[in-house]
Amino acid sequence: MPPELLRMIIAAVLVVSFVFLNAMVLGYMERKVSAHIQRRPGLMEVGPHGVLQLIIDGLKLIGKQLVVPEGSNKFLFRLAPLLSFAPCVLPFVVIPFSRKLQIVSMDVSLIFILAMTSINVVAILVAGWASNNKYSLFGTFRSVAQAVSYEIPMLLSLLSIILMTSTFSLQGIIAAQKYYWFILVQPLAFIIYFISGLAETNRAPFDLPEAESELTAGFHTEYSGMGFSFFFLAEYANMFTVCSIATILFLGGWKGIPLPLGDFTGIVWFMLKVYGLLFVMIWARWTYPRVRFDQLMSFCWKYLIPFALANLLITAVVVKLI
Amino acid sequence: MSKRGYFGELWFGAKSLLIGLKVTIVEMFKPIVTVQYPREECDITPNYRGHVELVFNPETGGCDCIVCGMCAKACPSDCIVVKGEKKEGEKRKSLSLFSLDFTKCSLCGSCVEACPKSALDYSQDYNIAGFTREEFHYDLIERLERRHIQPLAAAAGGN
Amino acid sequence: METAQLNLEPATDIQHDNRYYLNMGPQHPSTHGVLRVLLEMDGEYILDPQPVLGYGHRMHEKMAEHKNWMAFMPNTGRMDYAAALPYNHGFVSLFERLCGIEVPERAEYIRVITSELNRLVSHHLWLGAFLLDLGAFTPILYTFIDREKVLDILEDITGSRLTYCYFRVGGVCKDIDDKFVTRTREFIKYQRERFDVYNKLVTGNIIFLKRVEGVGVISKDMALRYGVTGPVARGSGINYDVRKNEPYSVYPRFDFEIPLGENGDSLDRYMVRLNEMEQSLRIIEQALDQLPAGPFLGKVPKKLKMPVGDSSFAVEAARGELTYYMVSGGGDIPYRLKIRVPSYSNLSILPELGQGILLSDLVTAMGSLDLVIPEIDR
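Residue numbers (numbering that gives the first Met the number 0), protein chains in the order written: chain A, 0 to 321; chain B, 0 to 158; chain C, 0 to 377.
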């Protein structure tokens with residue numbers, strides 16, 4: 000067996016297990032953070048401080064039946080969770096966790112990640128359509144409109160970084176932040192990216208597709224068991240991807256103060272930064288009410304896109320002058 | 000929008016969102032207020048109104064019930080059944096059955112107020128659960144014996 | 000229910016092809032109980048919302064025709080479980096008015112204090128649930144922290160936490176003690192500080208303001224036409240509060256204001272309720288200061304002999320005007336008891352309120368009406 004193939008197989012196994020592990024850590028974090036924000040202890044029962052709860056939850060979900068509703072498109076209904084899960088694993092292939100820890104080094108890795116995260120919306124569309132449920136359909140329509148419009152400010156804000164570094168390679172972008180993090184020179188781009196990222200991953204306050212009080216559970220109302228847990232895994236994997244892009248582009252990626260951990264220093268810093276951002280995402284979710292659909296759109300078109308364009312323009316002029 | 004203008008809105012909004020985040024992060028580091036129920040239990044106020052039960056009178060070693068039936072009459076949901084029988088050599092009837100159907104009880108307290116001898120009181124049990132309805136058909140005489148008379152007898156036997 | 004029946008038929012008309020029906024409830028997170036709203040929709044816009052009632056009907060009014068006052072007391076607390084004491088209050092006062100029973104002064108003060116505490120509890124619950132409708136999960140747990148404190152105080156004297164059966168014809172069933180007074184005073188101080196948290200977390204929040212400003216506008220005229228009462232009417236600027244307009248108990252002795260809104264939108268109703276909580280604290284404070292000594296239960300005949308005739312009594316419940324109307328044919332059992340509940344008329348405004356608004360706005364508007372479904376169905 001050629002060593003490259005062997006490496007890829009090991010990498011694939013690692014990536015998929017990382018996606019599961021990440022969902023567990025994030026699920027635990029979300030429940031613990033929300034609990035403490037609400038002055039309650041949260042998970043306490045399974046294992047010390049409930050750390051094993053998510054494993055039990057996972058087993059429970061695996062053991063459950065996937066109920067396929069009558070009148071639904073059965074093929075698409077079963078396809079949608081896989082369609083949602085598969086593309087969100089792929090970005091992990093190109094994310095540089097550390098100086099050496101990167102499965103494939105691609106010149107266009109940023110574009111690859113953005114392309115992959117965008118596929119998620121297709122999965123939501125398929126899921127909502129195939130469910131044959133009006134509430135699911137609502138969630139789907141909202142989600143598609145939301146994802147399509149928020150992709151624009153997201154890309155525009157990232158473009159200003161690309162203008163500065165003139166590379167799409169993530170390692171190249173990290174290397175360009177040798178002396179300072181880009182958040183210092185591009186704070187506006189970071190804020191716009193982060194807000195769009197929240198909307199892109201359907202997180203509160205932009206969680207309209209699954210708005211509980213309006214649409215019961217939105218596009219995954221009809222899903223149970225593993226069908227639901229694939230959406231769940233995909234959501235958390237997407238959150239991780241969004242935050243890791245923010246880390247790489249704005250917070251210097253795996254760079255940080257040297258720690259006495261040898262080669263692991265990079266991955267420790269990377270994870271710390273990513274989970275720091277994820278904490279902010281969770282924190283915001285448990286603080287704010289949900290925005291209304293038209294407000295979501297007007298915020299995107301009236302505020303984010305003009306500001307992102309202006310930022311891009313200024314960046315272009317400054318880069319040209321220097 | 001019209002009130003504050005384009006940039007005013009942005010400034011106001013950003014500030015309000017940050018204030019909101021500050022509130023939740025401060026609350027996050029405050030102590031927990033919930034009680035971990037099966038392991039910890041709340042202190043129940045002595046005035047808590049649980050289901051009714053017969054009051055133990057240490058002087059007579061039993062209850063003061065005179066089988067007048069006022070409680071059963073006062074009950075709006077007919078959940079109390081009181082029966083007495085006349086034993087030989089006694090002037091009055093003595094209590095032979097006092098059953099409470101707690102599934103029907105609405106905890107209004109009419110029976111306690113109606114009792115002329117104050118032989119009824121509220122219990123402090125609040126964590127009651129069961130699998131069948133019959134588990135909530137309480138025999139209050141048996142309950143009184145289990146709670147008061149038997150421990151006394153056990154204590155006396157121990158001496 | 001005729002209109003609702005009519006709408007149950009699917010639209011077969013080809014012209015109305017874009018329209019469809021959506022069932023919101025009876026099991027839906029934002030209907031807070033077993034209310035079903037049948038929505039005729041076009042996209043996300045609602046054309047015609049029709050509430051369908053009766054899923055929680057328990058025949059309380061009929062039950063009253065077979066029971067004496069004490070036997071019906073527990074039922075009053077179970078109509079509006081969020082604020083049961085005003086329901087107790089109205090019911091016992093009805094009999095007192097008809098039979099001419101004197102109530103000791105101390106009992107009236109206790110009634111006012113506990114009723115106002117209960118109003119606070121109800122508004123705590125509403126505040127949390129309303130924010131839950133808007134998608135914010137945390138405020139409900141903050142208001143529940145405060146709510147629990149009041150419930151503990153009330154439990155200490157009434158013996159129960161939710162469906163109180165505390166008032167009696169002629170007074171109350173248990174006296175309050177010094178511990179109650181000190182605990183209530185402590186709570187008033189605590190609650191005043193907590194308003195700051197509510198205001199920072201909710202009232203000032205831009206997302207919240209955007210969601211409620213100008214949503215579900217009830218004009219003054221519309222409010223009058225539907226006969227809405229309580230905070231919903233006051234949010235539209237109608238200065239009507241039974242405590243002021245038709246004073247009962249010892250309310251005239253206290254100095255408090257009736258908060259009013261201007262535009263009649265959801266924000267105004269929110270502000271009215273928040274200010275009402277503050278006013279309730281003021282009433283409780285004054286009542287505790289003036290609390291007279293004396294008996295807590297007046298002299299009442301064991302079997303109430305009601306004269307032939309009728310009587311009605313209105314109180315300001317947490318959701319609006321609550322009226323009991325009783326026709327007595329003598330004896331101790333009412334011939335007929337009619338209960339006018341505030342939520343019923345507040346809900347009746349929904350079909351007009353919900354025309355042409357978004358589904359999200361309907362959820363907001365319904366939340367701001369503060370409906371308690373078992374009260375509507377009774």
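Glycine included, C-beta positions come from ideal geometry on N, C-alpha and C.
Under the rule that 16 or more other beta-carbon atoms within 10 Å means buried, what is residue i, buried or exposed?
i	result
I348/C	buried
Q4/C	In this prediction, Q4/C scores a pLDDT of 38, lower than 50, which makes its location untrustworthy; the coordinate-derived value is nonetheless stated afterwards. When all chains shown are included, Q4/C counts as exposed.
S114/C	buried
R118/C	buried
V25/B	exposed
N201/A	buried
I9/A	exposed
C107/B	buried
T246/A	buried
F218/A	buried
R91/B	exposed
W253/A	buried
K209/C	buried
I338/C	buried
M0/B	In this prediction, M0/B has a pLDDT of 44, which is less than 50 and means its spatial position is unreliable; what the coordinates show is noted afterwards. With fewer than 16 other Cβ atoms within 10 Å, it is exposed.
H59/C	buried
E44/A	exposed
Q35/B	exposed
K29/B	exposed
I127/B	exposed
Nearest CA to the CA of residue i: which residue from the options?
i	options	result
L53/A	R30/A, L13/A, Y302/A	R30/A
R167/C	R339/C, L223/C, I372/C, Y86/C	Y86/C
T137/C	E315/C, Q26/C, V201/C, R96/C	V201/C
S121/C	L259/C, E275/C, I356/C	E275/C
Y125/B	E154/C, E101/C, P103/C	E154/C
M365/C	I257/C, R182/C, L266/C	L266/C
P373/C	N17/C, N22/C, T30/C, E104/C	T30/C
S108/A	L250/A, S33/A, G171/A	G171/A
A13/B	R291/A, V45/A, A283/A	A283/A
So residue i and residue j are supposed to be a Cβ contact under 8 Å. How far apart are they, rounded?
i	j	result
C64/B	A118/B	5 Å
P40/A	T23/B	With 8 Å as the limit, P40/A and T23/B do not qualify as a contact, their Cβ atoms being about 17 Å apart.
M280/A	M238/A	6 Å
G236/C	G263/C	7 Å
S135/A	E221/A	6 Å
T401/A	M163/A	As displayed, chain A neither begins before 0 nor continues past 321, which places residue 401/A out of reach and without an answer.
D376/C	H27/C	About 16 Å; that fails the 8 Å criterion.
L287/C	T183/C	6 Å
V80/B	A73/B	That pair is no contact at about 13 Å.
L34/C	G24/C	5 Å
L60/A	F227/A	7 Å
A122/A	A79/A	5 Å
I160/A	F181/A	6 Å
G297/C	V102/C	6 Å
So with CB distances below 8 Å, who are the chain F contacts of residue i?
i	result
L140/C	In the displayed structure, chain F is absent; the protein chains listed are A, B and C.
Is any heavy atom in the ligand HEM found nearer than 8 Å to the beta carbon of residue i?
i	result
K99/A	Absent from the structure shown: the ligand HEM. Ligands present: none.
Which residues, taken in chain order from the stretch 145-158 of chain C, show a beta carbon closer than 9 Å to some beta carbon of chain B? Residues passing the 9 Å Cβ filter: E147, D151, E154, D155, I156, T157, G158.
Give the residues from the stretch 40-51 of chain A that approach chain B closer than 8 Å (Cβ to any Cβ), ordered along the chain. P40, M43
Going along the chain, which residues of the stretch 130-146 of chain A sit with their C-beta nearer than 9 Å to a C-beta in chain C? K133, Y134, F137, F140, R141
Segments assigned alpha helix (DSSP H), at least 4 residues, entirely inside the stretch 102-137 of chain C: 104-132
Identify each residue in the stretch 2-23 of chain B for which the Cβ-Cβ distance to at least one residue of chain C is less than 7 Å, and report them in chain order. Along the stretch 2-23 of chain B, the positions whose C-beta sits under 7 Å from a C-beta of chain C are F11, G12, S15, L16, I18, G19, V22, T23, read in chain order.
With a floor of 4 residues, list each alpha helix (DSSP H) that falls wholly inside the stretch 242-328 of chain C, ordered by position along the chain. 265-289
At a CB distance below 8 Å, what residues from the stretch 265-286 of chain A approach chain B? Give them in sequence order. Those residues of the stretch 265-286 of chain A placed with their C-beta closer than 8 Å to a C-beta in chain B are W282, A283, W285, T286, ordered along the chain.
Along the stretch 73-93 of chain B, where does the CB come closer than 9 Å to a CB of chain C? Name the residues. A73, C74, P75, S76
Which runs of the alpha helix (DSSP H) at least 4 residues long sit entirely within the stretch 98-149 of chain A? Give them in chain order. 108-130
Proximal residues, the stretch 69-99 of chain C versus chain B, C-beta separation under 9 Å: M69, A70, F71, M72, P73, N74, G76, R77
Which full runs of the alpha helix (DSSP H) of 4+ residues lie inside the stretch 217-244 of chain C, going along the chain? 219-225, 229-234, 241-244
Just by C-beta distance, which residues in the stretch 188-209 of chain C are closer than 7 Å to chain B? V196, K199, L200, G203, N204, I205
Mind listing which residues of the stretch 286-305 of chain A have their C-beta closer than 7 Å to chain B's C-betas, in chain order? T286, Y287, Y302
Positions along the stretch 42-58 of chain B whose CB lies within less than 8 Å of some CB in chain C: Listed by position along the chain: T44, N46, Y47, R48.
Going along the stretch 150-171 of chain A in order, which residues come within less than 9 Å of chain C, judged by CB to CB distance? Listed by position along the chain: nothing, the set is empty.
Considering only residues of the stretch 148-201 of chain C, which uninterrupted alpha helix (DSSP H) runs meet the minimum length of 4 residues and lie entirely inside it, listed in chain order? Contiguous alpha helix (DSSP H) elements confined to the stretch 148-201 of chain C occur at 177-197, taking only those with 4 or more residues.
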